Structure formats: structure tokens, C-alpha cells
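Taking it in order: structure first as C-alpha cells, then the write-up.
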Amino acid sequence: MVERLSLTRCGNGVVKRAKYDQLKLLGSSLDWSRVAFTMYPQLGNEMTEAFVRLHEEGCRSSRLVNWSCSLCSAISDIEEEKVEISGRTLLSIPGYSDKVEYGVLVKFAYCVEDSDEELVVAATRIEPMLGDTAVAVHPNDERYKHLHGKYVKHPFCDRRLPIIADDFVNMNFGTGALKITPAHDPNDYEVGKGHNLPFINIFTDEGRIVGDCRKFRLMRRFECRKKILLALQELELYRRCDNNPMIVPFCSRSKDVVEPIIKPRWYVKCNEMAEKATKARDNGDYWVIALKAEALQKASEKFQVEAHKIVLQQDEDVLDTWFSSGLFPSSVFGWPDQTDNLKTFFSTTFLETGLEWSFPIKRQLPFKQVYLHPMVRDAHGRKMSESLGNVIDPVDVIYGITLEGLPEQLMAYNLHRNEIKTATQGLTQDYPN
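Position 284, counted from 1, in the sequence shown is what the UniProt record's numbering calls 284; the numbers after and before it change by one each time, with no gaps.
Here is the structure:
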């Protein structure tokens, strides 16, 4: 992880870190006349071309993403830390003074429509029940066969939930009846698609409640959790709460609990690449490449329509940095133009990396050889990251740096205020006075 406090300004006013002096100090012998940066204007042509091709291939859609409510942004899988807990545990969540309970299985009842029966379901997180659109049971579960095709009533809004039969349900887990929240759970998402269920998003970007359950509208998600439990008790629908070992996903940057949320985003379709790869992720159909932020993308020439006859709305997304890195091997040589440099130097000979991605934009392998090494981690087993404040500058190792200078470096990284706070806390822990 090579970083440098000294900064330079590009012609477009964007601040970037100058790593060149570090590389020279470490003895690198490179052709400095070919220096390139992903935010240089001349590299923007490939970005536009790539997005046009992705749009034509249908890679703009609404899918589940890992969402950090603290950052108001989607995060990549590599930025998600999974913490295993053995049972009832109180966790500290950014922005909440009270700790939040995890590691429990809450059981409550849905009333069957036009019947005195009830259907008891179990939930590891109670607040997503506001977005429930069905209850699923196993088709061979004798306890519930007579309920197939019937409906239950949602206690907090005017919504009928169908009782569906699906092999996905584990008859031995909980009550054998599974509440389905397609917009906020990866497994429920697939069930929802298979049964053509409604997808109801109940969270704002900041994690506040929206939707038709007005009683809880605009409550923060974990404050709403307490209110829902109280409301279920008042309606005599609450049954009990049991210990439940589980895995809690955290955002490595904000330390917030990750929330699965449906978002319209740009994605790279991975299944075609997986067929050609020797080893692919089992669950990797799509990879989200667009994170929320301001962006500029001009498309008027694409549609060949006079500007005064149309209204263009710019996409609010920007590229995940890994996407621009994946385009880098060809963009530096002038693609999409068929330049002499592109014909001569693409594919590149060798790539040394930890975890990298590339895309089938050119239908040609970008490197002839790829050497993968383990991820570099700090003393606590965390990946090296600017947002964690644990990046090591080799120049600091050689010449040293003051204790006061370490947190000052964070201001050069253009981090979110929550990330600066987390990184500063990490530095204080590692380098106490």
C-alpha cells in the first residue's frame, strides 16, 4: 500500500496523490513519459464507450446491493466484514446511543384471512417485516398444506400476503413458516422473483422507514425495531424471542450494519465471464459497479436527437474504482480508437495483484500472465485501507513521521467524515501517546 502525503493538482482541478516519488525512491525504473491517471480527460472516452455498451447489453437494472446507511452508498463485497455471533449480543452501531440486539430469533403471528387460524413466523431482524409480501412454507410440510393459496393480513397496513409453497423453506428452522421480504434479503429476493411477488422498499438511503406502514414512517431503522416489538405485543401477535447464532455483515469503512436494499444501478454481468474462467464465484451473477455520487455523462450524440426536443437526466452514479482499474489496460493505449499503441502493447504481459477485476469489453484477455498474492493486512488482520487509517507510506518507514502527522495525512484522502472518524480512532489505538 504505497501512499504519499505530497499532492499535485491535475489540469481539471482534481486532487490526486503523487506516488511517483515513492516509486523512484524504491528504485523503480519506468517510462515516465507514459504516466496516466484514471481521471485524466483523455481516458474518459473509454468510460463512455464502456457504459454505452453495458447499457445496450441490459446491465442497468434494479437489484439488491450492500448498502451502508451511514455512508448513503452501496459498498462492494470486499468492503463487507462478516462477524459471527453465537447468540444474543448487543452491538454498537454508529449514530445510536443505545446498543442494538442481534443474535435472536423473533417469533410473531400473522392472522390467516377469513379464519381463526394464525401462522407463526420467525425473523432474525424484525424491522424488514414492514416490507413482507408473502409467507412461504415447504410444499411437503403437512402442518401447512391446508393453507396453500390462502392469505394472511399484515398487522400494520392494508396488505394481503399470499401463503406460497417453495422448496427453499427449511421445515426444521423456526416454525417452518418463512416471512418473505424480497426487497431486503438476498434469499427472499430470489423467492420473490420466482413467485412474481411485489418488491417493497421500506428504507430511505439514511435508513429511515418509508412505505405504507405509516405508524413507523421516518423512524430510524433500529428505533423502529423496538417500536415494532411493542406494537406486536399490544396486538397480542408477539410470541417469543430465542437465541440464534448468526452472521452480521458490517461495512468495513463505517462500521455500520450493512442493509440489503434494492437500487437501480449499473452492473457487470458475470455469468458469461464465469463460464470462461477456471474458477468463479458460485453466487456471482452480477457485480454492482456504480456507487452513489455525483457524475457527468453526456449522451445526446448517442440518440441523435436535437437537444431542444428532449430532456436529459444525468445518472447520479459514478464508477466503483475497481471498474476504472479494469478498463485501465486498454484505456491507456487509446481504446476505443484502434491506435498503434493499442495494437502493439495490448494485451499487457504481466499483472501482479491481490484482488483485481476486468471486463469482457474487448473480448480479449488484458494480461497474458496474472500473479495473485495474498491480501496485505495490518496487525489486526484488517485489509490495508485509507478509510481505516492503516495504510503505510514507505517514505514514512524510511524517514519517519511525527505522531501528529499521521492523522493529518487522512485529510489528503478525500474521505467521508464518518470514515475520517473511524480512521482517526484506528490510528489512536495503534499509536497511543
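We treat Cβ as the ideally placed atom computed from N, Cα and C, and that holds for glycine. This one's a predicted model, so the numbers in the text were calculated from it and none came from an experiment.
Discussion item. Based on DSSP bridge pairs, tell me the residues matched to residue 67.
Written reply: Taking the sequence shown and counting its residues from 1, one reaches residue 67 at position 67. Answer is 74 and 259, bridged to residue 67.
Fill in: Candidates 425, 82, 179 and 162, of which the one nearest residue 386 by Cα
Numbered from its first residue, the sequence shown carries residue 386 at position 386. Comparing Cα positions, the closest option is 425.
Fill in: Proximity of residue 94 and residue 252 at Cβ, strictly below 8 Å
Numbered from its first residue, the sequence shown carries residue 94 at position 94. Numbered from its first residue, the sequence shown carries residue 252 at position 252. Contact flag unset, no.
Worksheet entry | residue 48 - partner residues in DSSP beta bridges | Counting from one through the sequence shown, the residue named residue 48 turns up at place 48. Note: residue 48 sits in no beta bridge, so no partner.
Worksheet entry | Residues near residue 372 by beta carbon distance below 6 Å, same chain, minus five either side | Taking the first residue of the sequence shown as 1, we reach residue 372 at position 372. Excluding positions up to five away in sequence, the list is empty.
Discussion item. If we define contact as Cβ-Cβ less than 8 Å, is residue 124 a contact residue for chain B?
Written reply: Protein chain content of the structure displayed is limited to a single chain, and chain B is not contained in it.
Worksheet entry | Exposure label - residue 61; buried when at least 16 CB within 10 Å | As a position in the sequence shown, residue 61 is number 61, starting the count at 1. The residue is exposed, with fewer than 16 neighbouring Cβ atoms inside 10 Å.
Fill in: Neighbour-count burial assignment, residue 67, 16 or more Cβ in a 10 Å radius
By one-based count along the sequence shown, residue 67 stands at place 67. With 16 or more Cβ atoms within 10 Å of its Cβ, residue 67 is classed as buried.
Item to complete: Apply the 10 Å Cβ neighbour rule to residue 218 and answer buried if 16 or more other Cβ atoms are within range, or exposed otherwise.
Response: Taking the sequence shown and counting its residues from 1, the one referred to as residue 218 is at position 218. The residue is exposed, with fewer than 16 neighbouring Cβ atoms inside 10 Å.
Worksheet entry | Complete runs of the alpha helix (DSSP H) confined to the stretch 106 to 157 [at least 4 residues] | none
Discussion item. Extract the residue ranges of the beta strand (DSSP E) inside the stretch 173 to 258, only unbroken runs of 3 or more that lie entirely within it.
Written reply: 177 to 180, 238 to 243 and 246 to 251
Practice prompt. Report, in whole angstroms, the separation of the C-beta atoms of residue 152 and residue 113, which I expect to be a contact under 8 Å.
Written response: Taking the sequence shown and counting its residues from 1, one reaches residue 152 at position 152. Taking the sequence shown and counting its residues from 1, one reaches residue 113 at position 113. 6 Å between Cβ atoms; contact.
Worksheet item: What do you get for residue 430, buried or exposed, if any count of 16 or more other CB atoms within 10 angstroms of its CB means buried?
Response: The sequence position of residue 430 within the sequence shown is 430, counting from 1. It is exposed - the Cβ of residue 430 has fewer than 16 other Cβ atoms within 10 Å.
Practice prompt. Could you work out which residue in 166, 216, 211 and 172 is closest to residue 196 when comparing CA atoms only?
Written response: If you number the sequence shown from 1, residue 196 lands on position 196. Minimum Cα distance to residue 196 is reached at 166.
Item to complete: Verify whether the separation of the beta carbon atoms of residue 126 and residue 100 is less than 8 Å.
Response: As a first step, residue 126 is located in the sequence shown; it is residue number 126 there, counting from the start. As a first step, residue 100 is located in the sequence shown; it is residue number 100 there, counting from the start. No, Cβ-Cβ distance for residue 126 and residue 100 is not below 8 Å.
Practice prompt. Please say whether residue 410 and residue 420 have beta carbons closer to each other than 8 Å?
Written response: Within the sequence shown, the letter at position 420 stands for residue 420. Within the sequence shown, the letter at position 410 stands for residue 410. Result yes, Cβ atoms of residue 420 and residue 410 sit closer than 8 Å.
Worksheet entry | First and last residue of the uninterrupted alpha helix (DSSP H) at residue 93 | For the purposes of this step, residue 93 is taken as residue 93 along the sequence shown, with counting starting at 1. First-last for residue 93: undefined, no H or E at that position.
Worksheet item: Which residue or residues does DSSP assign as beta-bridge partners of residue 102?
Response: One-based indexing of the sequence shown puts residue 102 at position 102. Paired residue(s): 89.
Worksheet item: Do you know how far the Cα of residue 384 is from the Cα of residue 84?
Response: Sequence index remark: in the sequence shown, residue 84 carries index 84 (1-based). Sequence index remark: in the sequence shown, residue 384 carries index 384 (1-based). If you take the alpha carbons of residue 84 and residue 384, they lie about 22 Å apart.
Discussion item. Do residue 230 and residue 47 count as a contact pair if the criterion is CB distance below 8 Å?
Written reply: Sequence index remark: in the sequence shown, residue 47 carries index 47 (1-based). Sequence index remark: in the sequence shown, residue 230 carries index 230 (1-based). It is not a contact, given that the beta carbons lie outside the stated cut-off.
Worksheet item: Okay, do the stretch 168 to 177 and the stretch 120 to 138 touch, 3+ Cβ pairs below 8 Å being the bar?
Response: yes
Practice prompt. Hey, could you find the ends of the alpha helix (DSSP H) residue 407 is sitting in?
Written response: For the purposes of this step, residue 407 is taken as the residue at position 407 of the sequence shown. From DSSP, the alpha helix (DSSP H) with residue 407 extends over 405 to 410.
Practice prompt. Measure the C-alpha to C-alpha separation of residue 36 and residue 188 and round it to an integer number of angstroms.
Written response: In the sequence shown, residue 36 corresponds to position 36, counting from 1. In the sequence shown, residue 188 corresponds to position 188, counting from 1. Cα-Cα distance, rounded: 44 Å.
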